[in-house]
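Below you'll find the structure, written out as structure tokens, and then a few comments.
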Amino acid sequence: MNMELALSIMDMECPTPGCDGSGHITGNYASHRSLSGCPRAKKSGIRIVQSKEDKEDQEPIRCPVPGCDGQGHITGKYASHRSASGCPLATKRQKDGYLNGSQFSWKSVKTEGIENDEEIKQLDEEIKELNESNSQMEADMIKLRTQITTMESNLKTIEEENKVIEQQNESLLHELANLSQSLIHSLANIQLPHMEPINEQNFDAYVTTLTDMYTNQDRYQSPENKALLENIKQAVRGIQV
3 MNMELALSIM DMECPTPGCD GSGHITGNYA SHRSLSGCPR AKKSGIRIVQ
53 SKEDKEDQEP IRCPVPGCDG QGHITGKYAS HRSASGCPLA TKRQKDGYLN
103 GSQFSWKSVK TEGIENDEEI KQLDEEIKEL NESNSQMEAD MIKLRTQITT
153 MESNLKTIEE ENKVIEQQNE SLLHELANLS QSLIHSLANI QLPHMEPINE
203 QNFDAYVTTL TDMYTNQDRY QSPENKALLE NIKQAVRGIQ V
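Each residue of the sequence shown is one higher than the last, beginning at 3 in this note's numbering.
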């Protein structure tokens with residue numbers, strides 16, 4: 003049992019003499035366990051025969067999101083990323099998906115090559131930050147929809163109020179037209195001084211003169227004017243306003 007444990011530990015250690023497994027030839031990792039990833043192997047003159055595992059160990063982990071070159075990070079704290087959860091492009095696609103009614107999920111993108119606890123911890127932090135960002139975005143979308151609904155309701159109320167005002171205006175114009183015709187008909191045989199009989203063309207001027215006569219009756223005290231005012235009063239008595 004102890005022999006098997008010892009062999010297992012040896013398999014996980016760098017075989018280069020004097021190397022403690024720190025660093026990596028690619029600069030992408032903090033440690034290594036093979037000759038192909040050992041920064042000291044080449045300096046020591048050891049011939050490196052790369053196996054399939056060595057090649058995979060040497061290959062850097064790249065962002066799995068199609069079309070992404072691994073540049074930038076959703077948090078703005080790093081110059082690059084290696085997972086979909088830290089990918090700004092994935093986040094943009096997810097935001098576009100919310101607006102278009104379809105969601106893009108980073109969980110649908112397969113991520114490979116997580117080799118140690120540090121990478122898992124970083125990925126967990128990225129997932130947490132992405133979830134917080136998504137929650138904030140959903141809250142903003144709900145707030146925006148509420149504002150739009152309120153605006154639409156207010157607009158509908160204003161339209162209904164305008165419709166009522168238009169109907170009232172039409173009714174007033176109709177009543178005014180009827181009143182004008184009734185006045186013209188009632189005063190057709192009454193001629194004011196220096197004016198032709200009332201008609202649609204001189205209606206406004208006729209009404210203005212008539213208003214002046216009733217407002218300033220002290221200036222129209224002659225028997226003729228008094229009789230004229232009395233005749234006008236009798237003529238318009240039957241008009242209902």
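We treat Cβ as the ideally placed atom computed from N, Cα and C, and that holds for glycine.
Keep in mind the model is a prediction, meaning the values are calculated, not measured.
**Message:** For a test of the three-state rule: what should DSSP assign to Ser-33, helix, strand or coil?
**Reply:** strand
**Request:** Per DSSP, which residues does Gln-73 bridge with? Please list them.
**Result:** Ser-82
**Asked** In terms of alpha-carbon separation, which member of Leu-231, Leu-175, Ile-160 and Ser-155 lies closest to Leu-189?
**Response** Leu-231
**Prompt:** Excluding the five sequence neighbours on either side, which residues of its own chain have a C-beta within less than 6 Å of the C-beta of His-26, listed in chain order?
**Reply:** His-34 and Gly-39
**Message:** At the level of alpha carbons, what is the spacing between Pro-41 and Glu-131?
**Reply:** 34 Å
**Request:** Please look up how many angstroms separate the CB atoms of Asn-191 and Met-197, rounded, as I've assumed it's under 8 Å.
**Result:** Not a contact, Cβ separation roughly 13 Å.
**Asked** Roughly how many angstroms separate the alpha carbons of Lys-145 and Gln-73, rounded to a whole number?
**Response** Answer to the nearest angstrom: the Cα atoms are 32 Å apart.
**Item:** Helix, strand or coil at Ser-224 according to DSSP, with G and I counted as helix
**Value:** coil
**Bridge partner(s) assigned by DSSP for Ser-24** = DSSP links Ser-24 through a beta bridge to Ser-33.
**Segment limits, alpha helix (DSSP H) that includes Met-215** = 205 to 217
**Item:** Selected residue, minimal CA-CA separation from Gly-20, among Tyr-31, Cys-89, Lys-123 and Ala-43
**Value:** The residue with the shortest Cα to Cα distance from Gly-20 is Ala-43.
**Item:** With 16 other Cβ atoms within 10 Å as the buried cut-off, status of Arg-221
**Value:** The residue is exposed, with fewer than 16 neighbouring Cβ atoms inside 10 Å.
**Prompt:** Would you report the Cα separation of Glu-163 and Asn-156, rounded to the nearest angstrom?
**Reply:** In a straight line, the C-alpha of Glu-163 is about 11 Å away from that of Asn-156.
**Asked** Can you tell me the Cα-Cα spacing of Ser-135 and Pro-90, whole angstroms?
**Response** Their Cα atoms are separated by approximately 12 Å.
**Request:** Can you have a look at Ser-224 and say buried or exposed, based on whether 16 or more other CB atoms are within 10 angstroms of its CB?
**Result:** exposed
**Request:** Would you tell me roughly how many angstroms separate the C-alpha atoms of Pro-199 and Glu-172, rounded to the nearest one?
**Result:** Between the alpha carbons of Pro-199 and Glu-172 lies a gap of roughly 29 Å.
**Asked** Under the rule that 16 or more other beta-carbon atoms within 10 Å means buried, what is His-83, buried or exposed?
**Response** buried
**Item:** Cα-Cα separation between Gln-170 and Gln-138, rounded to whole angstroms
**Value:** 48 Å
**Whole runs of the alpha helix (DSSP H) within the region 135 to 210, excluding any shorter than 4 residues** = none
**Prompt:** Taking DSSP as the reference, what is the three-state secondary structure of Ala-229?
**Reply:** helix
**Message:** In whole angstroms, give me the CA-to-CA distance for Tyr-216 and Lys-228.
**Reply:** 10 Å
**Item:** Buried/exposed call for Ala-179, threshold 16 Cβ in 10 Å
**Value:** With fewer than 16 Cβ atoms within 10 Å of its Cβ, Ala-179 is classed as exposed.
**Request:** Rounded to whole angstroms, what's the CA-CA distance from Thr-18 to Glu-140? Just pull it up for me.
**Result:** 53 Å
**Proximity below 9 Å, CB of Ile-186 to CB of Leu-212** = no
**Asked** Roughly how many angstroms lie between the CA atoms of His-75 and Ser-24, to the nearest whole one?
**Response** 26 Å
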